[in-house]
Amino acid sequence: MAAHGVWSVLVSLVFVAHGQVKVMTPRELVGAFADHGRIMGSTSTFGAPFYRDRVLGQLAYGPSLTGKNFCSEEDYDIPPPKTQRAAGGQDKVRLINIVIVRRGNCSFTTKVKIAQAKGAHAVIIVDREDSDYTSRDLANIIVADDGYGDVIHIPSVLISKEDGRRLIEAAQRSQVVVELAWDLPTDHVVTVDMWMSSASIASMKFIKEFAPKRRALNEVMIFNPHYAVFSMDQGNPAVYSGVCLDNQPKFCAEDPDGGGDITGKDVLEEDVRQLCIHDKTKKSRTSLDDLVKGKASVEYAAEYWDYMEKFPDRCPLDGSGKAKFGLECSLQVMKEVGIDTAEIQACATAERDARLSHELENPAWSPRALRINGWRYSGMLTADLVVRAVCSGFIHEPRECSDLITARDVFRPYIPVPSGGVSLGELLGWLLATISLGFVCMLMYKRYLKKEMRTTLREEVMLEVQAQMGEYAQLRGA
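Take the sequence shown: its letters are residues -19 to -1, 1 to 459, numbered as in mature numbering (1 follows the signal peptide of the UniProt record, and there is no 0).
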């Protein structure tokens, strides 16, 4: 099974991903599943699950027509979406279009991308007939990206062949309505663990975009940073000399620029500095009243987030001189945000090996991974989508979530607004202001034209009168 281009990778792990499909109608199909119509599956790491929402949709299935197993647009057809009458037959409910495809012949990403182009709002992928995975097994499987998942903006779930067979047979007979939901373990305070690399452009971009939202959640969310550290086998030092610390294979990190100046050692040292900054600057935000109620203590490292917002731009991998990834640039950014550089340097020197050992012993399923309340996050890594997932993890959703999240249109592909962009309200406000300004300018220009026309007309009349008077004078002289 290739990692890219042909198959997406399936990786087993201990954290359960709850991508839930619940059959609503027909009644006989609900009874065909042991847990009152509930089907558990594995959510793809790409796309945008409907976090914080419970969405109704109808299943659409078209058999493979060309034998390409749902790997091309012409291989299958799907019926157009319909409306569903609610109880009593009065109101109509719009249903999203949930397309069913079978696994095989191409990557999961390819299948979902094609279904998205055919009008799917979500996709259910049915496991292969020769697969031994049960529904319980699939809950512990990662449906990975093949490298092209950034163009997918709808959610997808992999389910077992047995569950899929029942859904396909029912969808071919009659309309099947299901509910999609992504349920996280809930708590009064949400805990987020993130694995990253200080030299990863993707990691640092996400952190920078997430920083303002983290500030808003500073009293209700715990954030624990982790860094991707690995070991290599003892062997030829030439293999790991540019990747590992002190030319020893115990602590290693990704070399971000290949044969460039920045090495794995530089990355590991910056990882340690960032860990020290977080630990040395975090302060408790939980009140005594919350502790009495049994809520977890929340610590927030304000200077860490200030530093992380500035560091990627001030110290890029392709920078030069003092404005380049490394110690000198790091110290300058620390000073800008008010961090005690001597304290961080002392921590990074004295605790380097201990901190790297801790990261080595606590890896994740990916160098860029996110866990919410102990649950593996799936979906595109954007600040807005992660906040939606975080807010679905509260027993009682706090006010901060309402301030951060706008309603999502589940009938449209999920396109997050980039950090630093404008909201729809702001866009409309600017548009209205521009139109108003244009209207005022037009009025002023109209008044200006009238004035100019009057002046010009007056001048032309005077010239004509003068010309006529000249003629009369000439006639008089003859």
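Heads up, the beta-carbon is just placed ideally off N, CA and C, and yes, glycines get one too.
Looking only at its own chain, which residues have a Cβ that is under 7 Å from the Cβ of residue i, when we skip the five neighbours before and after it?
{"i": "G69", "result": "With a pLDDT of 47 at G69, under the threshold of 50, the predicted position of this residue should be treated as unreliable, though the coordinate-derived value follows. Here the set comprises nothing."}
{"i": "S141", "result": "D108, Y114, T115, S116, L119"}
Among the residues of its own chain, which have a CB less than 6 Å from the CB of residue i, if the five just before and after it don't count?
{"i": "C87", "result": "C52"}
{"i": "V368", "result": "K194, L385"}
{"i": "L256", "result": "R336"}
{"i": "K231", "result": "S212"}
{"i": "G245", "result": "V224, C225, C233, A234, D236"}
{"i": "C382", "result": "C372"}
{"i": "E309", "result": "K303"}
{"i": "Y285", "result": "I258, H259, T262"}
Note down the Cα distance separating residue i from residue j, rounded to an integer number of angstroms.
{"i": "R380", "j": "E200", "result": "11 Å"}
{"i": "R84", "j": "T363", "result": "27 Å"}
{"i": "R146", "j": "A98", "result": "24 Å"}
{"i": "N217", "j": "S338", "result": "22 Å"}
{"i": "L165", "j": "S278", "result": "20 Å"}
{"i": "S137", "j": "L351", "result": "18 Å"}
{"i": "F191", "j": "D58", "result": "40 Å"}
{"i": "residue 507", "j": "D287", "result": "Nothing about residue 507 can be reported from this structure: the residues present for the chain run from -19 to 459 only."}
{"i": "D365", "j": "Q215", "result": "43 Å"}
{"i": "F292", "j": "N50", "result": "46 Å"}
{"i": "T115", "j": "H17", "result": "18 Å"}
{"i": "L76", "j": "R35", "result": "12 Å"}
{"i": "E340", "j": "N205", "result": "12 Å"}
{"i": "Q229", "j": "G241", "result": "20 Å"}
{"i": "R389", "j": "Y395", "result": "8 Å"}
Leaving out five residues on either side along the sequence, give the residues of the same chain with a beta carbon under 8 Å from the beta carbon of residue i.
{"i": "T47", "result": "S53, E55, D56"}
{"i": "E329", "result": "Correcting the residue identity first, residue 329 is Ala in this sequence and not Glu. Taken in chain order, the residues that qualify are E250, V253, R254, C257."}
{"i": "K316", "result": "T322"}
{"i": "I149", "result": "Y42, I81, V107"}
When the distance is taken between beta carbons, is residue j closer than 9 Å to residue i?
{"i": "D168", "j": "F375", "result": "yes"}
{"i": "K305", "j": "P297", "result": "yes"}
{"i": "A120", "j": "S23", "result": "yes"}
{"i": "A234", "j": "V220", "result": "no"}
{"i": "Y42", "j": "V93", "result": "no"}
{"i": "E280", "j": "K261", "result": "no"}
{"i": "residue 480", "j": "H134", "result": "Missing from the structure shown is residue 480; the chain here goes from -19 to 459 and no further."}
{"i": "A370", "j": "R33", "result": "yes"}
{"i": "T90", "j": "G130", "result": "yes"}
Does residue i get closer than 9 Å to chain C when you measure Cβ to Cβ?
{"i": "E200", "result": "This model lacks chain C altogether, as it is built from one protein chain only."}
Does the Cβ of residue i lie closer than 8 Å to at least one heavy atom of the ligand GDP?
{"i": "I133", "result": "With respect to the ligand GDP, the structure offers nothing, as it holds no ligand at all."}
*Is there contact between the stretch 169 to 177 and the stretch 100 to 114, where contact requires at least three CB pairs shorter than 8 Å?*
no
*Is the stretch 331 to 347 touching the stretch 153 to 162, taking contact as three or more C-beta pairs under 8 Å?*
no
*Report yes or no: do three or more beta-carbon pairs, one from the stretch 353 to 361 and one from the stretch 182 to 190, lie closer than 8 Å?*
no
*Where in the stretch 2 to 59 do unbroken runs of the alpha helix (DSSP H), each at least 4 residues long, occur, reported from the N-terminal end onward?*
8 to 11
_Quick check on the DSSP output: what are the complete beta strand (DSSP E) runs of length 3 or more inside the stretch 95 to 142, in order along the chain?_
103 to 107, 122 to 124, 137 to 140
*Pick out the complete alpha helix (DSSP H) segments inside the stretch 211 to 268, 4 residues or longer, and give them in chain order.*
218 to 221, 245 to 262
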